[in-house]
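Here UniProt numbering is used: the first residue of the sequence shown is 1, the next is one more, and so on. All C-beta atoms in this analysis are idealised placements derived from N, C-alpha and C, irrespective of residue type, glycine included. Everything numeric in this text was worked out from a predicted model, so none of it was measured. Step one of this worksheet: look at the structure below.
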Amino acid sequence: METPSQLLRDRLSRAFALVAGATVDPIVQRSQHADFQANGTLALARRSGANPREIAARILDEADLGELVAQATVSGPGFINLTLADTVIGAMAGAALADDRLGVPRAAHPATVVVDYSAPNVAKEMHVGHLRSTVIGDAAVRVQEFAGHRVIKRNHLGDWGTPFGMLIEHLLDLGEDEAAHELSVGDLNGFYTAARRKFDADDVFKERARQRVVLLQGGDAATLRLWHLLVGESKRYFMSVYELLGVRLTEADFVGESAYNDELESVLEELGELGLLQVSDGAKCVFPEGFTGRDGQPLPLIVRKSDGGFGYAATDLAAIRNRVRDLAATRLLYVVGVPQRQHFEMVFATARAAGWLTAGMRAEHIGFGSVLGSDGKVLRSRAGGVFKLADLLGEAVDRAETVVSEKNPELAAVIRAEIAGQVGIGAVKYADLSTDRVRDYVFDFDRMLALDGNTAPYLQYAHARIQSVFRRGDAEPVRDGAPVLITVPAERALALELLAFPDVFAEVAETLEFHRLAHYLFGVATAFTGFYEKCPILKADTEALRASRLALTDLAGRVLATGSDLLGIAAPERM
Ligand code: ARG
C-alpha cells in the first residue's frame, strides 16, 4: 500500500525521467498551499539551465496523474502544486483502516539491530543522561521492532574497573547487610559518595582499595562474591526504575562491561596482528585515521593502559566485535550523550580498520544533549546533588494525578491512579522525545504536563476522547476497507494527516529522530480536534456519514495509539 506522497512521487518520477533523460527526485512534500508540492523542478532547472516554470509545465504535460489529483498547477518560481481528489483520499483512508499496520510495510530484508542504551553504572545513581538514554533507546527498540527487524537490546552496564576496589572496601566497612539495604532502597549515591570520600581522605583505605582491585582482576572468589552483591543490588534498583518507566529492558538485557573481560586479550592480539597497534607513553593504542587533538597530533584510542589494564575503549572494541561477529548485527545503535561522540567515532573507525565493520553494516552514535533545570544549567536536585531518578518520576506521577482529577473529577480512585501513572511518565518521556535529541532541553513539570500544547497529556486526551465517542455511541469500529466519505475540509485534513503515518514512520526508523514522530502525532491530535469540533459524528446527518466519521475517528485513535506506543507512551482509554 502506497501513501499519497509515494504515489505522487512514483508518477512524477516517470515524468521527470522523460524530461530530464535521467533519474531525478521530484521531492514531494506536504505543503501549505496545496496538499503536496513537488520542488525537484528547481534543481532540474538549475542543472539544465532552463526556466523552472517551463520545466514544471513540461513535467505536468508528461505526468500521468490521471484520477489521482483534482488539481495540478505550476506556482511561484516553478513548483508543482498538487491537490488530491477527495475520492482518492477517502479510498486510501478506507484501505488504511483495514490494515492492522496502518499502511506501514514490514521490512522486506530484516536487519539485526543492536541497541546499546541506558547503561548506568553500578553503585552510582542513574543521572538524567541515563534517563534520556533509556527513553530514547526504548523508542529505538520499539520503532525497529515495528519495522520488522530483529532487535537485540544491550544494557552496557558500568560494572567493572578501578572504582570497584573502593566500593567493595566500603561495602566491607558497612557490613554486607547494611550495604545491601542502602543499595536496594536505591541510595546508590550515598553509598558511592561515602566510598569516594574515604578514598580521597584516607591513605590506608586507598591502599586497601588498590589491593582489592588486584584481587578482583585476579578472580579471587571472595572478592568476586562481594562484587556480585554490589552488581546484583544495583541491577535490582535499575530494574525498579525501568518498571516505573515502562521500558522493555529486562534482566537478560544487562550485558555489562565485565561480560567482555575474556575477550579483551584477543582483541588486543587481533589488532596487533593487523598492525593497528602502536605504543604511546607505554600504552598500546590505535590511532584511527582522521582524528586529531587540538594540537593537531593524531588521537589515540587506548586499548591497553601502561599499567597493563584495559579500559572503557577496549571494552567497547570487544563489544562491537562481539555484536558484529557473534550476534551478526548489521546495524548498531549507541544511545549515549553527545560528549561521547568522538569516543564512538574512534571505536567505529577502528572496527572498520580491523575489518569487523564492513560495507553495508552501519554503526551510529545516537547522541543527545543535556537536561537543564529552569536556571539553564544541568539539572540538579534541590540539594544541589544528582537527582534520584525514582523521585523525579514519582513527582511527575503525583503532579499528573492533580491534572487528571481536575480534568475529570468523577474518575474512580484506582482508575485515576492508573491514568496518572500513564500521564506522568508519558509527559516525562514526551518532553524528552519531542525535542530534537541532539539539543538540550529544559525540564519543566508545568510545561510537560500542560493539557494543551505539544505534550503527552494533549495526545492522551485526544485518544481518550476518541474512545469516549465509541463508548457514548455504543459503536464498534468497522474496518472492512470501505472508502471514507470526504464531505467537508475538516474530514479531508484529518484523513490526509492520517495517511502520512507510513512516511513519517519510515523517516524515523531511518534517522531515529523521534521528535518528527512526536510532531506528527501532535498534528494528528490537532487535526482530530478540528474534525471533532466541526463534524458531528454520532449525530451525523445520514447513517452512511455516521459510519464514515466513526471510521475516521477509529483510524485517528489507532494512529495516535500506535504512534504513542512507538515512543513508549501509553494511550489511556479515558482521562
Ligand atoms: N556507562 C557509561 C556512562 O555512564 C555509558 C555506556 C555507554 N555504552 C557504551 N557501549 N559505551 O557514561
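Outcome for residue i when other beta-carbon atoms lying within 10 angstroms are tallied against a minimum of 16
| i | result |
| --- | --- |
| His463 | buried |
| Asn51 | exposed |
| Gly103 | buried |
| Pro339 | exposed |
| Val438 | exposed |
| Gly137 | buried |
| Thr350 | buried |
| Glu476 | exposed |
| His181 | exposed |
| Thr3 | buried |
| Gly360 | exposed |
| Ala108 | exposed |
| Gln342 | exposed |
| Arg325 | exposed |
| Ser564 | buried |
| Pro536 | exposed |
| His33 | exposed |
| Asp554 | buried |
Beta-carbon proximity list for residue i, same chain, < 7 Å, skipping 5 on both sides
| i | result |
| --- | --- |
| Val214 | none |
| Gly282 | Ser306 |
| Arg323 | Val114, Ala329 and Leu332 |
| Leu167 | Ala123, Ala195 and Leu230 |
| Ser258 | Asp159 and Trp160 |
| Glu507 | Arg516 |
Same chain only: Cβ atoms within 8 Å of residue i, ignoring 5 sequence neighbours per side
| i | result |
| --- | --- |
| Glu410 | none |
| Ser133 | Tyr117, Ser118, Ala119, Val335, Val336, Gly337 and Phe368 |
| Gly530 | Ala490, Ala493 and Leu494 |
| Leu276 | Val286, Thr350, Ala353 and Ala354 |
| Leu545 | Leu485 and Thr487 |
| residue 578 | Absent from the model: residue 578. The displayed extent of the chain is 1 to 575, so no value can be given. |
Range covered by the alpha helix (DSSP H) that runs through residue i
| i | result |
| --- | --- |
| Arg225 | Ala221 to Leu245 |
| Thr73 | It is not in any alpha helix (DSSP H) - Thr73 instead sits in the beta strand (DSSP E) that spans Val69 to Ser75. |
| Gln467 | Ala456 to Gly473 |
| Tyr532 | Phe514 to Lys534 |
| Arg325 | Note, Arg325: premise wrong, no alpha helix (DSSP H); not H, not E. |
| Ser5 | Pro4 to Ala20 |
| Val122 | First-last for Val122: undefined, no H or E at that position. |
| Glu263 | Here Glu263 belongs to no alpha helix (DSSP H), and DSSP marks it neither H nor E. |
| Glu418 | Ala413 to Leu433 |
| Ser280 | Note, Ser280: premise wrong, no alpha helix (DSSP H); beta strand (DSSP E) at Leu277 to Ser280. |
| Arg546 | Glu543 to Leu566 |
| Val438 | From DSSP, Val438 is part of no alpha helix (DSSP H); its letter is neither H nor E. |
| Asp398 | Leu389 to Lys407 |
| Ala351 | Arg341 to Ala353 |
| Glu510 | Phe501 to Thr511 |
| Ile486 | First-last for Ile486: undefined, no H or E at that position. |
| residue 587 | The structure shown does not extend to residue 587, since the chain spans only 1 to 575, so no value can be given for it. |
| Glu54 | Pro52 to Glu62 |
Residue i Cβ short of 8 Å to ligand 1 heavy atom set
| i | result |
| --- | --- |
| Gly337 | yes |
| Asn121 | yes |
| Leu157 | yes |
| Tyr237 | no |
| Tyr520 | no |
| Asp326 | no |
| Tyr312 | yes |
| Asp116 | yes |
| Gln342 | no |
| Ala319 | yes |
| Tyr242 | no |
| Gly367 | no |
| Gly161 | no |
Proximal residues to residue i (C-beta, below 6 Å), its chain only, five neighbours per side dropped
| i | result |
| --- | --- |
| Gly129 | Gly337 |
| Tyr520 | Val504 |
| Thr315 | Glu257 and Tyr260 |
| Leu538 | Gly473 |
| Ala319 | Tyr260 |
| Val403 | Leu449 |
| Pro483 | Gly90, Ala91 and Gly94 |
Span of the beta strand (DSSP E), counted from its first residue to its last, around residue i
| i | result |
| --- | --- |
| Arg304 | Leu301 to Arg304 |
| Phe36 | Phe36 to Ala38 |
| Glu364 | Arg362 to His365 |
| Ala283 | Ala283 to Val286 |
| Val28 | Val28 to Arg30 |
Minimum Cβ-Cβ distance from residue i to chain D less than 9 Å
| i | result |
| --- | --- |
| Trp227 | This model lacks chain D altogether, as it is built from one protein chain only. |
Can you check the stretch 79–112 for any alpha helix (DSSP H) of at least 4 residues that lies completely inside it and give the ranges in chain order? DSSP runs (the alpha helix (DSSP H)) wholly in the stretch 79–112: 86–97.
So within the stretch 145–206, which uninterrupted alpha helix (DSSP H) runs reach at least 4 residues, ignoring any that extend past its ends? The stretch 145–206 contains these whole alpha helix (DSSP H) runs: 163–174, 176–184 and 188–201.
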